[in-house]
Structure formats: C-alpha cells, structure tokens
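Okay, so here's the structure we're looking at.
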Amino acid sequence: LSGVDLVLEQLSSHASVQHHFIYLRSLEKTEIEGSFGVKYFNHHFFLKPTRCARGASREQHCPPRNDRPLMDCLICYKTIYGQMDSNPKPYIHCMQRPRITAEMLAAREAECKKVSYNPGAATILALKTR
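Structure (structure tokens):
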C-alpha cells in the first residue's frame, strides 16, 4: 500500500466526502533513509475529483471534474523493509485547495516532524544507556 493509496482509501471511507478522487500529480516527495531498513516519506500531492460517486473502484473509468476544486493532500509515514509502519501512525491531511490556510500548512509541517526521521535520536538513546 503506497501513501497515495492510503489517502485515497481514507477519503473514500470518509462520510463527508461525496466524490471519487484520482491522483493528479506530486508537488513534493521526500524520502529519508534511516537505519535497519527504515525509510521516512513525506508526499505532497493533488487529487482531482471525478464524476463518479465516492467508493467507485479503480477499474471504473471516472471522468475528471473541472468544476470542483483539487484536493491538496500531504501524507507522512515510515516504512520498515518496504512495509508501511503503524507506529507512529501515518499522518494524513487533505483539504480542498481554496480552503487551505497558512495555519494549516504550518500545522501539517509540525505534525509531519513527529513522524519524520530524527538523526540524533539513536545517538541520544545510546548515550542514555550506560
């Protein structure tokens, strides 16, 4: 399961979301290699609403809607040997493009830092164990 897949899955199960969405494009994607098979990902991307109702399958051909705003999404997560880890829980935030505020962007960044790689963490832990 990729980050985009997880976001699409979450959106389709959210009661307030009316439309089916498709991946449009990445704005920024970072990958940080940790140790012991661990990687940290931050992926900022756009989703486009389609004419299909929420819950449509990927196999269905759903024409995109140009009369609805894009969904601006960010997911931050950790993988271990290629498998998404649930600890810490992946951080997902999606908001319709015109509704996103500077405060939301700052909050996103702060939340992603909680999931991200902390290069000094292993060293500090090693120093505490004598």
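Read left to right, the sequence shown gives residues 5 to 134 (the working numbering). Cβ atoms here follow ideal geometry from the backbone N, Cα and C, with glycine treated the same way. All values derive from a computational prediction rather than experimental measurement.
Where does the unbroken beta strand (DSSP E) through Ala57 begin, and where does it stop? As a first step, residue 57 must be located in the sequence shown, where it is residue number 53. Residue range Val42 to Ala57 is occupied by the beta strand (DSSP E) that includes Ala57.
Would the beta-carbon of Glu35 fall within 8 angstroms of that of Phe45? Residue numbering aside, residue 35 sits at position 31 when the sequence shown is read from its first letter. Residue numbering aside, residue 45 sits at position 41 when the sequence shown is read from its first letter. Inclusion of Glu35 and Phe45 in the CB contact set at 8 angstroms is warranted, their separation being smaller than that value.
Which whole-angstrom value is the C-beta distance of Arg136 and Thr54, which I expect to be below 8 angstroms? Not covered by the structure: residue 136. The range shown for the chain is 5 to 134.
Near Ser16, what residues of its chain come up, given a Cβ to Cβ distance below 6 angstroms and the 5 sequence neighbours on each side ignored? Position 12 of the sequence shown, counted from the start, is the residue given in the question as residue 16. If you ignore the 5 residues before and after Ser16, its C-beta comes within less than 6 angstroms of the C-beta of Arg58 and Gly59, all in its own chain and listed in chain order.
If I follow the unbroken alpha helix (DSSP H) through Ser30, where does it start and stop? Your numbering for residue 30 matches position 26 in the sequence shown. No alpha helix (DSSP H) holds Ser30; the beta strand (DSSP E) holding it covers His23 to Glu37.
Based on the DSSP secondary-structure assignment, which residues constitute the bridge partners of Gln100? Here residue 100 refers to the residue found at position 96 when the sequence shown is read from its first residue. For Gln100, the beta-bridge partners assigned by DSSP are Met75.
Tell me, to the nearest whole angstrom, how far the beta carbon of Phe25 is from that of Lys52; I am working on the premise that it is less than 8 angstroms. Within the sequence shown, numbered from 1, the residue matching residue 25 stands at position 21. Within the sequence shown, numbered from 1, the residue matching residue 52 stands at position 48. Between Lys52 and Phe25 the Cβ distance is about 7 angstroms, and since that is below 8 angstroms, they are a contact.
For Gln22, collect the residues of the same chain with a Cβ closer than 7 angstroms to its Cβ; drop the 5 residues on either side in sequence, then sort them by chain order. Reading the sequence shown from its first residue, position 18 is the one you call residue 22. Take Gln22, set aside five residues on each side of it, and the residues of its chain with a beta-carbon closer than 7 angstroms to its own are Arg58, in chain order.
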